[in-house]
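Take a look at the structure set out below.
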Amino acid sequence: EVQALQMPMMLASNEELDYVRDRVAPRLEARIEAQGFKVLAWGDAGWVHFFAQRPVVRPQDLRPLRLFVWSGDSAYVEAWKAAGYRPVALPATEIHTGLQSGLIHAVPTTPLAALAFQWFGLAPHMTALRWAPLVGAVVITADAWGRVPDDLKPLLLRSAREAGARLRRESRQLGDDAVEVMKRHGLVVHPVPPEARVEWEESARAGYARIVGGVVPAEIVAEVERLRDEYRDSARRK
1 EVQALQMPMM LASNEELDYV RDRVAPRLEA RIEAQGFKVL AWGDAGWVHF FAQRPVVRPQ
61 DLRPLRLFVW SGDSAYVEAW KAAGYRPVAL PATEIHTGLQ SGLIHAVPTT PLAALAFQWF
121 GLAPHMTALR WAPLVGAVVI TADAWGRVPD DLKPLLLRSA REAGARLRRE SRQLGDDAVE
181 VMKRHGLVVH PVPPEARVEW EESARAGYAR IVGGVVPAEI VAEVERLRDE YRDSARRK
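Residues 1 to 238 (our numbering) are what the sequence shown spells out, left to right.
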């Protein structure tokens, strides 16, 4: 269900992400609780960008390249293929050697990960396009939550939510800082003009049919899209 917030090219900014997540969170949390877990806080680890061994500005620049995707994600492999790309499923531990050997040429990942694992040294071209946010949550089992005294639950939940908000702010700043550090060590950031962004949106939607209704519930994707449009309409009127 959480993957509805991570649909490629669905959201375009932290403001959109926060607006949508705040409003869809109760629905997501209810589904997660039905599976035996309690959400204490929401977090995100940054925006996924393309890091490649040659410049990528438009979808046609990426299509000839062999692109890393997570092994075990067969639906997403098929989604990439449906959109005309060349996915190569690997465990994350093989990204570095894959880039060295030529098995893969590009990696969709966050700036923090690209810096931490030094992938940018082998894929020094970053597309300045927010492909998707990487979203997560801090959860505990329903049994553990049930053992928390009832009078402490509101305090624990409030403290966890405040900590989550603080960590989101800090991680976003760290992501920006990571880009600046990598730029000082050879990373080239390639801007994406508005007309190319439209091409990326069309490309992303070409793969939706492979995951919406299967991996990701269609009704939650529709709600995310509705809330996104609601935010954009409100922003335009200001």
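Just so it is clear, CB atoms sit at the ideal spot from N, CA and C, and this is done for glycine as well. None of the values given here were measured: they were computed from a predicted structure.
Item to check | Minimum C-alpha distance to alanine 239 - residue among Thr110, Val216 and Pro149 | outcome: There is simply no residue 239 to check, as the chain begins at 1 and stops at 238 in what is shown.
Checklist entry - aspartate 229 lies in the beta strand (DSSP E); which residues open and close that run? => result Aspartate 229 -> not in any beta strand (DSSP E); alpha helix (DSSP H) instead, spanning 218-237.
Next on the checklist: Can you tell me where the alpha helix (DSSP H) holding aspartate 176 begins and where it ends?
Outcome noted: 153-183
Next on the checklist: What does the Cβ neighbour count give for lysine 153, buried or exposed, with the cut at 16 atoms within 10 Å?
Outcome noted: exposed
Next on the checklist: With distance defined between alpha-carbon atoms, name the residue in Ala163, Leu129, Met126 and Arg130 nearest to alanine 137.
Outcome noted: Ala163
Checklist entry - Would you call the segment 25-44 and the segment 155-169 touching, i.e. three or more CB-CB distances under 8 Å? => result yes
Item to check | Cβ neighbour criterion (16 or more within 10 Å) applied to arginine 226 | outcome: exposed
Checklist entry - Based on Cα-Cα distance, which residue from Asp143, Leu112 and Val107 lies nearest to glutamate 35? => result A quick correction: the sequence has glutamine, not glutamate, at residue 35. Cα-wise, what sits closest to glutamine 35 is Asp143.
Next on the checklist: Excluding the 5 residues flanking arginine 210 on each side, which residues of the same chain have their C-beta closer than 7 Å to its C-beta?
Outcome noted: Ala75, Glu78, Ala79 and Ala82
Checklist entry - To which residues of the same chain is proline 8 closer than 7 Å at the C-beta, ignoring the five residues directly before and after it? => result Trp131, Ala132 and Ala204
Checklist entry - Mind checking whether the beta-carbon of proline 149 lies closer than 7 Å to any heavy atom of the ligand PLP? => result With respect to the ligand PLP, the structure offers nothing, as it holds no ligand at all.
Next on the checklist: Taking CB distances under 8 Å as the criterion, tell me whether valine 224 reaches chain B.
Outcome noted: Looking at the structure shown, chain B is missing, and only one protein chain is on hand.
Checklist entry - Using DSSP with H/G/I as helix, E/B as strand and the rest coil, what is valine 56? => result coil
Next on the checklist: I need the boundaries of the beta strand (DSSP E) containing leucine 134, first residue and last residue.
Outcome noted: 132-141
Item to check | Proximity winner among Met182, Ser71 and Tyr85, relative to phenylalanine 239 (alpha-carbon distances) | outcome: Since the first residue shown for the chain is 1 and the last is 238, residue 239 is missing from the structure and cannot be characterised.
Checklist entry - Taking the alpha-carbon positions, what's the glutamate 16 to alanine 25 distance? => result 14 Å
Checklist entry - Three-state secondary structure (DSSP) at threonine 127? => result strand
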